[in-house]
Each structure stands twice: as structure tokens, then as C-alpha cells.
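A.B. asks:
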Amino acid sequence: MTSKEGDGSGSQPMPASPPALPVIQVTQPVGNNTQASRPDVIDLEAINVRKRKDDTEEDANAKKQKKTTSPAWEHFTQYNKSVQVKGEMVEEKWVKCNYCSYEVKHNSKNGTSVFLSHTKSQHYKVAGQQLLKVEKDGSCAASVETYRYDPEASLRKFYLAIIMHEYPFNIVEHEYFVEFIKSLRPTFPIKSRTTVRKELMGIFVEEKNKLYEYFKNKRIVKFMHVEGRHSGANLAEAFTETVFRWFIEKKMFSLTLDNAAANNVAVKDVIAVLKKKSPLVCDGLFFHVRCANHILNLVARDGLKHIGNAIWAIRAFVIAVKSSPLQWEDFIKCASECGLSTARGLSLDVQTRWNSTYHMLKDAIYYRNAFERLYETNKRRYVGVKISDEEWDQAQILCKCLKRFNDITELLSGTSYPTANLFYQSFCEIKALISEWCGCANGTIREMAHSMNTKFEKYWNKSNVALAVAFFLDPRYKRKAIEFYMRKIYGSLLYPGKVEEFIAVVKQMYQAYACFLESATGPISSANNAEPNSDFMEQEDDDLQNYLYETHGLTDGEASDLEKYMAEPPVRVPKGISDKFEVLSWWRIHQEVYPVLSVLARDVLAIQASIVASESAFSAGGRVIDPFRSRLEPEIVEALVCA
4 MTSKEGDGSG SQPMPASPPA LPVIQVTQPV GNNTQASRPD VIDLEAINVR KRKDDTEEDA
64 NAKKQKKTTS PAWEHFTQYN KSVQVKGEMV EEKWVKCNYC SYEVKHNSKN GTSVFLSHTK
124 SQHYKVAGQQ LLKVEKDGSC AASVETYRYD PEASLRKFYL AIIMHEYPFN IVEHEYFVEF
184 IKSLRPTFPI KSRTTVRKEL MGIFVEEKNK LYEYFKNKRI VKFMHVEGRH SGANLAEAFT
244 ETVFRWFIEK KMFSLTLDNA AANNVAVKDV IAVLKKKSPL VCDGLFFHVR CANHILNLVA
304 RDGLKHIGNA IWAIRAFVIA VKSSPLQWED FIKCASECGL STARGLSLDV QTRWNSTYHM
364 LKDAIYYRNA FERLYETNKR RYVGVKISDE EWDQAQILCK CLKRFNDITE LLSGTSYPTA
424 NLFYQSFCEI KALISEWCGC ANGTIREMAH SMNTKFEKYW NKSNVALAVA FFLDPRYKRK
484 AIEFYMRKIY GSLLYPGKVE EFIAVVKQMY QAYACFLESA TGPISSANNA EPNSDFMEQE
544 DDDLQNYLYE THGLTDGEAS DLEKYMAEPP VRVPKGISDK FEVLSWWRIH QEVYPVLSVL
604 ARDVLAIQAS IVASESAFSA GGRVIDPFRS RLEPEIVEAL VCA
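Rendered as C-alpha cells:
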């Protein structure tokens with residue numbers, strides 16, 4: 004490698020030039036060839052250019068991605084989406100709104116202004132500002148917290164409002180309703196009534212699937228339209244079809260119905276069908292349970308037919324007071340002068356509902372002084388409806404009689420606690436009261452009692468023995484309580500035979516369960532948590548308490564569950580906490596002590612003594628099928644009621 008230099012002849016030096024990149028010549032000898040070989044020239048400048056280009060590309064690839072700093076990314080999420088472009092699948096970057104279904108392709112050249120505009124116009128999201136809501140807790144203290152609007156959650160609440168409040172489907176087309184919703188949130192997605200119907204059916208199917216997974220209590224499984232006449236055969240066919248569809252034909256223990264004649268025929272057909280699939284306890288002897296509240300209703304209505312004249316004066320005075328605002332104002336003034344509460348009000352009875360007559364008498368007796376004062380202020384106006392002292396006394400006696408019926412009806416109407424163990428004691432108390440009223444000196448009360456007794460005896464003999472067994476299986480009473488009430492009803496001579504007949508029935512049920520459990524095919528049903536129950540007696544009978552807790556000896560040697568249970572004394576519960584006693588919890592705790600009897604108690608105590616819960620479903624159906632929904636199909640009616 005050489006360079007030219009001056010010859011030293013004094014000539015001026017050449018101007019300096021950029022140093023040239025070296026060129027390397029490489030000579031490759033070719034064998035013994037004496038000719039000069041052709042040199043290969045390597046251009047280092049070209050190599051450096053290519054090297055700088057490769058380094059630039061590597062630096063670009065190695066450069067970190069720029070961090071997203073726009074506030075729009077607090078409300079949007081980036082993701083990769085495969086799309087087809089000219090027949091080929093290409094990965095593209097897309098973004099989706101966190102609050103709705105809005106999504107769009109992300110183009111970095113356009114920035115994030117489109118996303119910010121969407122959140123501001125559609126979701127009222129402004130940078131640096133959050134949505135707040137104010138709520139009050141149980142202590143009425145207000146708390147402020149942030150929340151996020153979810154249109155899907157709002158729509159579901161709207162559908163639930165239609166179900167729970169029986170709104171018509173075309174409410175989504177009501178002009179002012181839509182304007183009201185739009186004034187709250189212009190972007191709320193109002194759906195058509197067809198979509199509403201579809202979504203309601205979806206909610207129904209969802210709830211139905213949940214019910215399949217876990218059979219919850221106090222849920223309406225089926226609300227159906229029975230075509231044709233409601234004869235016993237048609238009712239039995241519809242019932243068995245539903246039972247088989249829910250796969251509970253082998254778990255049926257009892258069926259509680261009212262006293263309609265068609266129901267007696269239906270029960271016989273149902274028992275015949277169920278026997279073909281699985282044997283019933285004691286061959287279905289305890290399957291049919293008659294509604295206790297329906298029996299009380301029939302007895303009370305028969306009795307009230309004979310006391311219409313006794314309460315006519317009170318009903319007439321109440322009508323006169325409530326017929327005019329001026330007269331009602333005068334009555335309120337008289338009540339205030341007498342020191343009575345004006346917030347209670349007066350009830351007017353409905354002649355087909357005996358409990359409304361009780362409430363009318365109770366309110367009228369409370370305002371007796373106000374009625375008398377009102378009469379003294381304007382005798383001319385109220386002379387035709389004046390209530391005499393004898394009529395007031397008679398009303399008080401009637402009110403006491405009906406109060407016992409009302410208390411027992413409310414007690415047996417409970418749905419959150421066992422009612423089977425309350426039936427026998429309640430009916431024995433009613434039987435004793437009617438017998439006492441039959442010997443009353445008051446002719447009206449005596450006539451009413453005789454009428455009640457005739458109706459009561461008719462259904463007393465038909466009452467299901469299983470409900471008496473439920474009372475026996477309450478550890479607070481056991482056999483001692485059965486003996487106490489049978490002596491009270493049948494007398495000292497007849498009651499021992501009645502007790503032995505009852506114990507024979509209990510032993511029959513026990514043997515049936517023992518056989519079933521030994522063969523591992525017994526009628527075992529799922530136990531449920533018990534809620535506290537309350538006795539209808541405000542003051543417990545001291546005679547009963549003394550009789551229950553007498554000295555009781557235990558049986559020697561080995562004994563069955565039933566014998567050990569009867570040998571032990573009743574469980575003494577203090578009066579203050581008697582209403583909190585959980586009978587099902589007691590049996591769950593003692594199931595190792597009474598392995599067979601605990602299963603029997605679990606099934607018997609699950610019997611509902613009344614059909615109040617199912618009757619309320621028909622009331623709900625009447626509200627669902629109102630004049631604005633008179634053309635609903637049976638399927639959508641079932642969805643609205645059962646969901």
C-alpha cells in the first residue's frame with residue numbers, strides 16, 4: 004500500500020484531501036502458471052455501508068415500544084384480532100370499550116381522540132372526573148363511592164322489574180316512559196317488547212336450570228294451565244306429569260290439598276301411579292294431608308252465619324262513620340279527645356271472609372269510647388245505628404272466639420318454619436274451645452258453637468294422622484302431650500284406648516322406615532335449615548307443663564329408637580325462648596342417637612299443614628294476567644310466575 008509524495012523540488016504542496024478508504028488486493032496463485040494472476044479487489048467502503056444499515060435496523064427493532072400515556076387507555080383495552088385480508092389471515096390491533104360493546108381497529112396515526120370522544124359522549128367519562136353515588140346504610144349515614152355504569156346490568160334489572168311488578172311488555176313503547184329513561188341516560192338501550200319477551204324467557208330458563216342443580220325450598224316449580232274440566236282425573240294427570248318431569252316421584256311423602264271433592268279423586272289416582280314407581284310409606288296411608296287453614300275457614304264461616312244479627316249494629320256504625328269525610332273527621336276528633344290513637348283506623352269486614360269480621364270487631368272495640376262520644380255529639384244523625392251495651396258485650400265475646408281462630412290461622416300459614424308439629428295442638432285447643440262454647444249461657448255463642456262443632460267433627464275424623472305424629476316427634480311434647488290432649492277431648496274412660504291406637508300408628512311408620520333404611524331404598528328427603536317457630540298460645544298451659552315433666556323412668560336393656568325416645572322425658576324449654584326452639588336442628592344434632600327416628604322426623608316435620616304458600620301463587624297469577632295482559636300464552640305466564 005503506497006501514496007505519492009513531493010519530490011522536494013520546491014513545488015507547492017497539494018491541498019489535503021480526505022483519506023481514501025484502503026483497497027486491498029489479494030492475488031491468488033493458480034498452480035504453476037507463470038502468467039500474472041488476476042487480483043480480487045475488496046471494497047471496505049461498501050462493507051461499512053452495509054454494516055451501518057444492518058446496525059440501524061437492529062437498533063430500530065431493539066428499541067422499546069413507546070409507553071401509552073393517553074387517558075383513553077383507562078377506558079379501552081387493546082387486543083390482537085385475526086382478520087382476513089385478500090385471502091390471508093393478518094394480525095391487527097383492535098381496541099374495545101370497557102363499558103359497552105364498542106370496538107374499532109387501532110390506527111396509531113389517528114391517535115386516541117376518537118376514543119376520548121366516545122367515552123365522553125356515550126359514558127360521560129371526562130378525564131380526571133369519576134361517577135359518584137350516594138347510599139345510606141342501616142344507621143342512615145350517607146356514604147359516597149364511585150361506580151361504573153353497566154348497560155347490561157341495568158337491562159337485567161329492568162327485566163326483573165317487569166317480572167316482580169307485573170308491568171306490561173309494551174311499557175318499552177310508552178312514549179313518556181321512553182322519554183323519562185332517555186332523560187336519565189340518552190344512551191340507554193331500550194329494547195322492543197319482542198326482545199323483552201325473549202329475555203324474560205331466558206331468565207326463566209336460567210332460573211330453572213339453577214333449580215335443577217339445587218332444589219330450593221318455597222319455589223314454584225310449575226304454574227300451568229289445565230285444559231278441560233278440572234276433574235280429579237285431569238288434575239292427577241297434570242300433577243304426575245310434572246312430578247315425573249322433575250324426577251321427584253320417588254321422593255314424594257305427602258300432598259297437602261284443600262277439601263274440594265275433585266282433590267279426593269285426584270289423590271287416589273296419584274297414589275296409584277306413584278305406587279307403580281316406588282312404594283309409599285304405609286301404602287300411602289299418610290299421603291293425603293288436608294289443609295288445616297281451609298278446615299278452620301269452613302268452621303268459622305259456618306259459625307258466623309248464626310251471629311250476623313249480633314254484629315249488624317257495629318257494621319252499620321262503621322259504615323256510617325266511613326261514608327263521609329266530615330263524619331270521619333268528627334270521629335277522629337272524638338278519638339283524640341278520648342286519648343286513643345288515630346293512626347290505627349277502622350276496618351270494614353267482607354262477609355265472605357271471617358277474619359275481616361274479626362279485625363272489624365277488634366278495631367271497633369278499641370274505639371268504643373270514641374263511638375259513644377260521637378253518638379252523644381249528634382244523636383239525631385246516629386240514632387239508627389246506636390250500639391247498646393249488650394251488643395258491645397256480645398261483640399267482645401265474639402272477638403275473643405275469633406281471635407283464637409285468627410291466631411292459629413296465622414301460625415299455620417308460616418312458610419319459613421315447620422308447621423306440621425303445630426297442627427295437632429292447635430286443633431285440640433280449637434276442639435276444647437268449641438266444646439266450652441257449646442255450654443255458654445249466651446244463646447248466640449251457643450248456637451254458633453254447635454254449628455262449628457258439626458263442621459269440625461266432619462273434618463276432625465278425616466285429619467291426617469301424620470300431623471299428630473309430627474306433634475309426637477316434637478321433643479318438647481312426645482307421648483305425654485298426646486295423652487294430655489286425648490284425655491281432654493275424649494275423657495278419662497276413652498283416652499287410653501285412643502292413645503294405644505295412636506302409638507300403634509307410630510310403630511307402623513317406624514317399622515316402615517326401618518325396613519326402607521335397611522334395604523337402602525328408604526324415602527330419604529333432603530333436610531332443610533329450620534327457622535324459629537312460635538306457639539300460638541300467649542301463655543302456656545300450666546296443667547300441660549306439670550303433666551309433661553313428671554318423674555319418668557328409662558327402659559332397661561337395649562331398645563329401639565322409638566322406645567328410647569318415648570322413655571326419655573320431654574325436653575324442657577324455658578318460656579322466654581320457647582318460640583326460638585328449632586325442632587329440625589334438634590333432630591339433626593341427635594341423629595346418631597336416633598338414626599331411624601331422625602329420618603322419620605325429618606320427613607314428617609317437612610309436611611306443610613296448610614296450602615297458603617301455594618294459594619299465594621294463584622293470587623300472583625291473578626295479578627300477572629290482568630286486563631292489560633289478557634292474551635299472554637301459558638308458557639310466558641309460567642315464566643313470569645316461576646322466575
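One point on numbering: in the numbering used here, the residue at position 308 of the sequence shown is 311, and numbering is uninterrupted.
Where a beta carbon is used, it is the ideal one built from N, C-alpha and C, also for glycine.
(1) Evaluate S120 with the Cβ neighbour count: other Cβ atoms within 10 Å of its Cβ, from every protein chain shown; 16 or more gives buried, anything less gives exposed.
(2) Would you report the Cα separation of S537 and P573, rounded to the nearest angstrom?
(3) Can you give the Cα-Cα distance for V268 and T355, rounded to whole angstroms?
(4) Leaving aside the five residues before and after V509 along the sequence, list all residues of the same chain whose C-beta is less than 8 Å from its C-beta, in chain order.
(5) Please identify the residue among C645, N296, H309 and S157 whose C-alpha is closest to the C-alpha of M451.
(6) Just mark V386 as buried or exposed, buried being the case when its beta carbon has 16 or more other beta carbons within 10 Å.
(7) How close, in whole Å, do the beta carbons of A316 and I390 come, if the pair is a contact with beta carbons under 8 Å?
(8) Residues bridged to Y378 by DSSP?
(9) Looking at C-alpha atoms only, which residue of T149, S234, H233 and V224 is the closest neighbour of F247?
(10) Taking 6 Å as the limit between beta carbons, can you name the residues of its chain near A394, skipping five residues before and five after?
(11) Contact defined as beta carbons within less than 8 Å: I believe N296 pairs with L415. What is the distance between those atoms, to the nearest angstrom?
(12) Can you tell which of R188, P154, L608 and E230 has the C-alpha that lies nearest to the C-alpha of A423?
(13) Compute the distance between the beta-carbons of Y361 and N409, then report whether it is under 7 Å.
(14) If you follow the beta strand (DSSP E) that E95 is in, where does it begin and where does it stop?
(15) What residues match up with L258 in a beta bridge as DSSP calls it?
(16) How many Å lie between H233 and A265 at the Cα?
(17) Considering only residues of the same chain and omitting the five flanking positions on each side of V86, which have a CB-CB separation below 7 Å?
(18) Comparing C-alpha positions only, which one of L277, F459, N372 and A323 sits nearest to L301?
(19) Buried or exposed, going by whether 16 or more other CB atoms sit within 10 Å of the CB of S146?
(20) Say whether the stretch 274 to 294 touches the stretch 510 to 519, bearing in mind that this needs 3 or more beta-carbon pairs closer than 8 Å, one atom from each stretch.
(21) Between the Cα of P577 and the Cα atoms of I314, T149 and R479, which residue gives the shortest distance?
(22) Please name the residue, chosen from W357, H291, T380 and D352, that lies closest to A367 on a Cα-to-Cα basis.
(23) Less than 7 Å between the C-beta atoms of C341 and N372, yes or no?
(24) Check whether the Cβ atoms of A236 and V273 sit closer than 7 Å, and answer yes or no.
(25) With which residues is H85 paired in a DSSP beta bridge?
(26) According to DSSP, what are the bridge partners of E571?
(27) Put K108 into one of helix, strand or coil per three-state DSSP.
C.D. replies: Let me spell this out:
(1) Exposure of S120 is indicated by the presence of fewer than 16 other C-beta atoms within 10 angstroms of its C-beta.
(2) At S537 the pLDDT is 42, less than 50, meaning the model places this residue with poor confidence; the figure from the coordinates comes in the next sentence. Roughly 18 Å between the two C-alpha positions.
(3) 27 Å
(4) V472, F475 and L565
(5) H309
(6) By the Cβ-count criterion, V386 is exposed, with fewer than 16 other Cβ atoms from all chains shown falling within 10 Å of its own Cβ.
(7) 5 Å
(8) Its beta-bridge partners do not exist; DSSP assigns none.
(9) Of the listed residues, the one whose Cα sits closest to F247 is V224.
(10) Looking at the sequence provided, one finds Glu at residue 394 rather than Ala. The answer, listed in chain order, is A316.
(11) 6 Å
(12) L608
(13) yes
(14) E91 to C100
(15) H291
(16) Just so you know, the alpha carbons of H233 and A265 end up roughly 8 Å apart.
(17) So the qualifying residues of the chain are V93 and E95.
(18) F459
(19) By the neighbour-count rule (16 or more Cβ atoms within 10 Å), S146 is not buried but exposed.
(20) yes
(21) R479
(22) Taking A367 as reference, the option from W357, H291, T380 and D352 with the minimal CA-CA separation is D352.
(23) yes
(24) no
(25) The sequence shown places Ser at residue 85, rather than the His named in the question. Answer is E94.
(26) E571 pairs with nothing; no bridge assigned.
(27) strand
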